[in-house]
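Chemist:
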């Protein structure tokens, strides 16, 4: 049994979507005590900052800037997909 299974998903922008995937994935991974679903840009942020205060700016198929300060407050700019704004996107 695994204590925690973490899934990172693109285009995961609402708490409702996050809960939906967590509930459905729980049924698919009975070997995990707990399931966590997080947006892919948060994973990218932690990959470059190791959780320290900072900002990750991601440009590729889409674009987003995401960061956290020393108080744990986070903010983002962009990354809303083709329907909202996706400056820098190749799509």
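Residue numbers (the numbering used here): -7 to 83. By construction, the Cβ of each residue, glycine as well, lies at the ideal position given by its N, Cα and C atoms.
Under the rule that 16 or more other beta-carbon atoms within 10 Å means buried, what is residue 21, buried or exposed?
Modeler: That one is exposed.
Chemist: By the three-class DSSP mapping on this structure, what secondary structure does residue 32 have?
Modeler: Looking at residue 32 - three-state DSSP - the assignment turns out to be helix.
Chemist: For residue 48 versus residue 36, is the C-beta spacing smaller than 7 Å?
Modeler: For residue 48 and residue 36, yes; Cβs fall inside 7 Å.
Chemist: Give a yes or no on contact between the stretch 17 to 31 and the stretch -4 to 3, applying the rule of three or more CB pairs nearer than 8 Å.
Modeler: Yes, they touch.
Chemist: For the stretch 51 to 75, list the beta strand (DSSP E) runs that are entirely contained and at least 3 residues long, ordered along the chain.
Modeler: Counting whole runs of 3 or more residues, the stretch 51 to 75 contains the beta strand (DSSP E) stretches 55 to 60, 66 to 70.
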